[in-house]
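Note sheet for the following structure.
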Amino acid sequence: LENHEDKIDYVFKVVVIGDSAVGKTQLLSRFTKNEFCLDSKSTIGVEFQTRTVTIKGKVVKAQIWDTAGQERYRAVTSAYYRGALGAMIVYDITKRPTFDHVARWVEELRAHADNSIVITLIGNKADLMDQRAVSTEDAVEFAEDQGLFFFETSALSGENVEKAFLRLLEEIYGVIS
Ligand code: GDP
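Numbering-wise, full-length UniProt numbering comes out as the position in the sequence shown, counting from 1, plus 9.
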């Protein structure tokens, strides 16, 4: 049940953050358009994409924001976080440093976003199992410690992408209703 543009009950702003090249843009495109672009990027400036879903009988428009490359210049501003009800912190399971930086992204959220923001940790590129550099156990432990939801996803295959976004939106609904 989608496309009830005429009667939106809620708009949920969700921000997607994490190091450069972890797959943020592709996750967004997988969830909002069910697409994966083999040669994306270069276009800086698209701010958000939307998808409308039904949660507990309510029509919810998810407005999902992409950093559009700002993270490369450490220029993610507080305006980006303003009004965000949910956040996804993404790392790449094949690149250990992107996981080591997650703590910094959590701090960034705690500093700039609302206290009640719902945070999901995403280990992306789960299709690249043979290049894994971050164990599921390490990520689960970190997520539990910080009170984050956690999913391993693949924007390429689509694995768990829908599940992760819907879970986040349901949790936000639980917080605001
Ligand atoms: P961003 O900088 O975090 O927005 O990352 P992008 O979405 O631009 O993705 C960076 C690179 O990783 C691109 O070459 C993507 O094609 C690739 N990529 C993104 N998600 C996946 C995934 O789930 N699996 C694989 N194998 N590659 C991915």
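Glycine included, every Cβ here is placed at the ideal spot set by N, Cα and C.
Note that the coordinates shown come from a computational prediction; the quantities given were computed from them, not determined experimentally.
Counting C-beta pairs with one atom in each stretch, the stretch 150–158 and the stretch 119–135 have three or more that are closer than 8 angstroms, which means they touch.
Distance from the CA of ALA88 to the CA of VAL24, rounded to the nearest whole angstrom, comes to 11 angstroms. Around the beta carbon of GLN72, 16 or more other beta carbons sit within 10 angstroms, so the residue counts as buried. Taking C-beta separations shorter than 8 angstroms and ignoring five residues to either side along the sequence, the partners of THR145 in its chain run GLY132 and GLU161, following chain order. A distance of 8 angstroms or more separates the beta carbons of GLU171 and ALA135. Not one heavy atom of ligand 1 falls within 7 angstroms of the beta-carbon of LEU157. The C-alpha of GLY95 is placed about 10 angstroms away from the C-alpha of LEU118. Taking one beta carbon from each stretch, the stretch 109–116 and the stretch 59–66 have fewer than 3 pairs nearer than 8 angstroms; the two do not touch. Annotation: the continuous alpha helix (DSSP H) that includes GLN155 extends over 145–155.
The continuous beta strand (DSSP E) containing ALA71 extends over residues 67–75. Counting the other CB atoms within 10 Å of its CB gives ALA120 a total below 16, which places it among the exposed residues. Under the three-state reduction of DSSP, VAL20 is assigned to strand. Not one heavy atom of ligand 1 sits closer than 7 angstroms to the Cβ of ASP109.
Using a cutoff of 7 angstroms, the CB of LEU130 does not count as near ligand 1, since none of the ligand's heavy atoms is closer than that. Short note on VAL85: C-beta not closer than 7 angstroms to any heavy atom of ligand 1. One alpha carbon belongs to ARG91, the other to THR103, and they sit about 31 angstroms apart.
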